[in-house]
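To start, the structure itself, in structure tokens.
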Amino acid sequence: MKTNKKRLYIILSSVILIAIAVVAILMFSNNLSFGKNDGNEQANQSFYELIQEINALETESEDLALIEYAEDLLNASKDVSLDLLEQEIENTENSTALRILLLQVCDELDLSPDEELLQKLINDKNTDFEIKRNSMYLLEGESETDSLIKIARGDDEQLAFHAIRELLSKAPMQAGEIADEIIATYDGTFTFKTRGAIIAKANQLRLVPDEKEIDEFLALCDNVLQNYHDAEDKTAVGIVTHALTSGDYLTHEKVLYFLVDCEWIDPISCSVGIEKHKDVMLNLINKDMDEEQLSYIIKAMEINPLSELSEPLQEIADTYTFSAESEELQQRLQEVIIKCK
0 MKTNKKRLYI ILSSVILIAI AVVAILMFSN NLSFGKNDGN EQANQSFYEL IQEINALETE
60 SEDLALIEYA EDLLNASKDV SLDLLEQEIE NTENSTALRI LLLQVCDELD LSPDEELLQK
120 LINDKNTDFE IKRNSMYLLE GESETDSLIK IARGDDEQLA FHAIRELLSK APMQAGEIAD
180 EIIATYDGTF TFKTRGAIIA KANQLRLVPD EKEIDEFLAL CDNVLQNYHD AEDKTAVGIV
240 THALTSGDYL THEKVLYFLV DCEWIDPISC SVGIEKHKDV MLNLINKDMD EEQLSYIIKA
300 MEINPLSELS EPLQEIADTY TFSAESEELQ QRLQEVIIKC K
């Protein structure tokens, strides 16, 4: 049986977001809601009647209406064959919104549409992007990873981004290899593939840390931040910030130093990143650490004092052999110990 897959809204727009906020609390989900929908006057309509009615929706009204139709179409679809669902998904005379919704119905009902159909939808340049993406999420079996890798290396930048994201959990090392290919050709233009590559590379380095590759990755991050920190579109800065501060990907001594020194990452995210590096700092704190390492930890605690570091730092203050030139460092150490308490 296939695993649960992420389903997406049919059309992302501010109208949908407002409607969802009113109808249900779905702010942390990319799904179209298939929850209980009591009292809906479409509830008893047949599958065919629902299809006709959804197809007849005006473009400007279908976003809101589809939220109401989702549950009824899901229930009606339980009584029809997968073959019929596939026919209606493939039928280009149906509205794009209906075809996407039927793909999501298949996912919700744990049905597996024919792979040939899914591949056809994904590879057809004339197919709507949302149909492609929802079809991609329904891929399964032995060929799923190969298909995702092919999509990730393909020409559709936006779809490639989502394929790379899928590969993070299904084949993280292959995602890292694709990231290397994308990063190697990075020319300063922050594309959808670049987004996926930064996240995938951070994840790969979390699994298999490599000092040289971490240096190269941080150099790339620094390049992106310097080039895009004042851009109106904050996507590039946001992706790099997320990769370095979320704790879901790479945590490392060098990343900590980067965060402490970087002027392009906002203070709140920097503080979060420092907290995510708590264990890194605890492992660094010992009598054999050098003063540069201690200095970075002090800088980090000046930004975000953590109570868990108070006692280890106090022990350093009591036992560490400082150089003759470190009077200022010792003073700052005492100050952050107080802050951490």
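Residue numbering for the sequence shown is 0 to 340, as defined by numbering that gives the first Met the number 0.
Glycine is no exception: its CB is placed at the ideal position from the N, C-alpha and C atoms.
Simplified DSSP assignment, three categories, for residue i
| i | result |
| --- | --- |
| Gly237 | helix |
| Arg152 | coil |
| Ile198 | helix |
| Thr193 | helix |
| Met172 | helix |
| Ala242 | helix |
| Phe257 | helix |
| Asn30 | Note on Asn30: pLDDT 49, under 50, position unreliable in the model; no value is reported. |
| Cys269 | helix |
| Leu83 | helix |
| Met288 | coil |
| Ile99 | helix |
| Ser309 | helix |
| Leu72 | helix |
| Leu117 | helix |
| Asp37 | Legend: pLDDT at Asp37 = 45, less than 50; position of this residue unreliable, no value from coordinates given. |
| Leu332 | helix |
| Glu251 | Checking the sequence, you will find His at residue 251 rather than Glu. Coil, per DSSP. |
| Lys124 | coil |
| Ser142 | helix |
| Tyr136 | helix |
| Ala230 | coil |
| His161 | helix |
| Asn90 | coil |
| Glu301 | helix |
Length of the line joining the Cα atoms of residue i and residue j
| i | j | result |
| --- | --- | --- |
| Glu210 | Ala201 | 13 Å |
| Pro171 | Glu327 | 45 Å |
| Leu332 | Tyr136 | 51 Å |
| Asn125 | Asp186 | 29 Å |
| Ile177 | Asp221 | 21 Å |
| Asp287 | Leu281 | 13 Å |
| Leu84 | Asp71 | 15 Å |
| Gly246 | Ala55 | 47 Å |
| Glu348 | Leu243 | Only positions 0 to 340 of the chain appear in the structure, and residue 348 is not among them; the question remains open. |
| Gly38 | Asp155 | Any reading at Gly38 is ruled out, since the residue's pLDDT is 43, under 50, leaving its predicted position unreliable. |
| Gly237 | Ser142 | 33 Å |
| Phe128 | Gln103 | 14 Å |
| Phe216 | Gly175 | 12 Å |
| Asp260 | Pro266 | 12 Å |
| Glu310 | Glu67 | 57 Å |
| Glu87 | Ala96 | 12 Å |
| Arg98 | Lys131 | 11 Å |
| Ile417 | Pro208 | Since the displayed the chain opens at 0 and closes at 340, residue 417 lies outside it and no answer follows. |
| Gly153 | Asp123 | 13 Å |
| Lys149 | Ala235 | 24 Å |
| Leu147 | Ala316 | 53 Å |
| Leu219 | Glu115 | 39 Å |
| Gln330 | Leu283 | 20 Å |
| Ala230 | Phe189 | 11 Å |
| Lys169 | Leu117 | 19 Å |
| Gln292 | Glu324 | 16 Å |
| Ala162 | Ala151 | 5 Å |
| Lys345 | Leu81 | As displayed, the chain neither begins before 0 nor continues past 340, which places residue 345 out of reach and without an answer. |
| Phe27 | Thr318 | Since pLDDT at Phe27 reaches only 29, below the 50 mark, its modelled position is unreliable, and no value is offered. |
| Asn303 | Leu138 | 44 Å |
| Gly272 | Tyr256 | 11 Å |
| Thr144 | Arg164 | 12 Å |
| Met300 | Cys269 | 11 Å |
Chain-order list of residues whose beta-carbon lies under 6 Å from that of residue i (same chain, five-residue window excluded)
| i | result |
| --- | --- |
| Trp263 | Leu224 and His228 |
| Ile181 | Lys192 and Ala196 |
| Ser306 | Cys339 |
| Leu249 | Ala201, Leu204 and Arg205 |
| Leu79 | First, the amino acid is wrong: residue 79 is Val here, not Leu. Cβ within range, chain order: Phe46. |
| Arg194 | Phe160 and Ile238 |
| Ile296 | Met280 |
Where residue i falls, given that 16 or more other Cβ within 10 Å makes a residue buried
| i | result |
| --- | --- |
| Lys233 | exposed |
| Pro112 | buried |
| Gly140 | exposed |
| Asn93 | buried |
| Ala183 | exposed |
| Thr320 | exposed |
| Asn285 | exposed |
| Thr91 | exposed |
| Glu314 | exposed |
| Asp240 | Per the sequence presented here, residue 240 reads as Thr, with Asp not at that position. That one is buried. |
Any chain B beta carbon closer than 8 Å to residue i
| i | result |
| --- | --- |
| Val236 | Given the protein chain composition of this structure (a single chain), no chain B is represented. |
Cβ neighbours of residue i in the same chain (closer than 8 Å, five flanking residues each side left out)
| i | result |
| --- | --- |
| Leu120 | Ile88, Glu89, Thr126, Ile130, Lys131 and Ser134 |
| Leu49 | Gln41, Tyr68, Asp71, Leu72 and Ala75 |
| Lys77 | Leu108 |
beta-carbon residue i near the ligand NAP non-hydrogen atom, thresh 7 Å
| i | result |
| --- | --- |
| Asp265 | Judged by which ligands are present, the structure shown has none, so any question about the ligand NAP falls away. |
Nonlocal neighbours in the same chain, by C-beta distance under 7 Å from residue i, ignoring five residues either side
| i | result |
| --- | --- |
| Asn226 | Gly187 |
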